[in-house]
Structures are given as C-alpha cells and as structure tokens.
Amino acid sequence: TRIQKERFTDEAAYQAVKGVYRIDNRVLGLMRKQAIVMHPLPRVDEIAQEVDAVPRAAYFRQARNGLFVRMALLDKVLA
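Every letter in the sequence shown is one number past the one before it in the working numbering, and letter 69, counting from 1, is 98.
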C-alpha cells in the first residue's frame, strides 16, 4: 500500500520517503513471472499507470470482486 502522509508529523520527513516505493515496468521485470500486483486502491503514486495494462495487475479485479463480496455480506447480515 502507500506511504501514509497522515502518519507523519513532519512534512519534510514525508517528502523524503514519498515515491521511494513505486511499482513500474522496471520493478515488474524484477518480479517472478507468476507474481501478481494487488492494491486496495485508491492509489496515489505508488503504482505507475503503465502497470494497468499488464495482465498481472490484479487491483481492478480485486476492487470489483470486493464490491460483490461486500454486497453478499450486506445481504447475509440484513436479510
């Protein structure tokens, strides 16, 4: 997930580490071929947009499936 700005009391400390952890095509090239990229969304700048087109990017599927899981849970709890 992202580096959480709200956890920093010093803006300079946040700026020093912001963007240090970023997944882009270079990082994908270092990963195992069967590895997938998941993320809870929304992303800030920790995943480059170029990764969206890669089949191993699972975060949009993850978000879509999460919607259906929440719907099922609400149905189960409220029915």
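Glycine included, every Cβ here is placed at the ideal spot set by N, Cα and C.
When the five nearest sequence neighbours on each side are left out, the beta carbons in the same chain lying within less than 6 Å of the beta carbon of Arg-51 are those of Glu-75, in order along the chain. Ranked by Cα distance from Ala-86, the options Arg-72, Leu-107, Leu-96 are led by Arg-72. Non-local C-beta neighbours of Asp-53 in its own chain, meaning closer than 7 Å and more than five positions away in sequence, comprise Ala-77, Glu-79, Val-80, ordered along the chain. The alpha carbon of Gly-58 has as its nearest neighbour, out of Val-83, Tyr-88, Arg-31, the alpha carbon of Val-83.
Between Ala-92 and Leu-70, the gap from beta carbon to beta carbon is short of 8 Å.
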